[in-house]
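Q:
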Amino acid sequence: QVQLVESGGGLVQAGGSLRLSCAASGRTFSVYEMGWFRQAPGKEREFVAAIRWSVWRTYYADSVKGRFTISRDNAKNTVYLQMNSLKPEDTAVYYCAADPRGESYENWGQGTQVTVSS
Numbered sequence: 001q002v003q004l005v006e007s008g009g010g011l012v013q014a015g016g017s018l019r020l021s022c023a024a025s026g027r028t029f030s031v032y033e034m035g036w037f038r039q040a041p042g043k044e045r046e047f048v049a050a051i052r053w054s055v056w057r058t059y060y061a062d063s064v065k066g067r068f069t070i071s072r073d074n075a076k077n078t079v080y081l082q083m084n085s086l087k088p089e090d091t092a093v094y095y096c097a098a099d100p101r102g103e104s105y106e107n108w109g110q111g112t113q114v115t116v117s118s
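In my numbering, the protein residues as written are 1 to 118.
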């Protein structure tokens, strides 16, 4: 089991930046991939970005490509999401998730609120 705790959310003006962190504990040595998802009010949860734990491979939703960067620090068991050029439509609760075996995201954090004002 992997436990995840997100931090770094907040209120920012459009065009600003935030960096989210996701600290992982537990069976982190077995994690295949880590991802960030978000859910805006009245909308379904959507994929934002992902990174493989053992190789440096990243994936992004089209809506955030060129603006968001996912990275990891294996020594700290932490995944980051650097968000630049934020837009009001980026407003959502952002969740960190872990895929232990390359099958599905099974472990989720509690979420952190990101609000972008226009």
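Just so it is clear, CB atoms sit at the ideal spot from N, CA and C, and this is done for glycine as well.
1. Would you kindly report the start and end of the unbroken beta strand (DSSP E) that includes W36?
2. Under 8 Å: do the segment 81-95 and the segment 5-16 share three or more Cβ pairs, one atom per stretch?
3. Across the segment 1-8 and the segment 57-65, are there enough close Cβ pairs to call them in contact, namely three or more that are closer than 8 Å?
4. Tell me which residue opens and which closes the beta strand (DSSP E) that E89 is part of.
5. So, helix, strand or coil for N107, using DSSP?
6. Using a 10 Å radius around the Cβ and a threshold of 16 neighbouring Cβ atoms, would you call R101 buried or exposed?
7. For the beta strand (DSSP E) that V55 lies in, which residues bound it at each end?
8. Among S104, V114, Q113 and V116, which residue has its Cα nearest to the Cα of G35?
A: Let me spell this out:
1. First-last of the beta strand (DSSP E) with W36: E33 to Q39.
2. Yes: at least three Cβ pairs fall under 8 Å.
3. With the cut-off at 8 Å, the segment 1-8 and the segment 57-65 do not touch.
4. Counting along the chain, E89 falls outside any beta strand (DSSP E), and DSSP gives it neither H nor E.
5. For N107, the three-state secondary structure derived from DSSP is strand.
6. It counts as exposed.
7. Per DSSP, V55 lies in no beta strand (DSSP E) and is assigned neither H nor E.
8. If you compare the alpha carbons of S104, V114, Q113 and V116 with that of G35, the shortest gap goes to S104.
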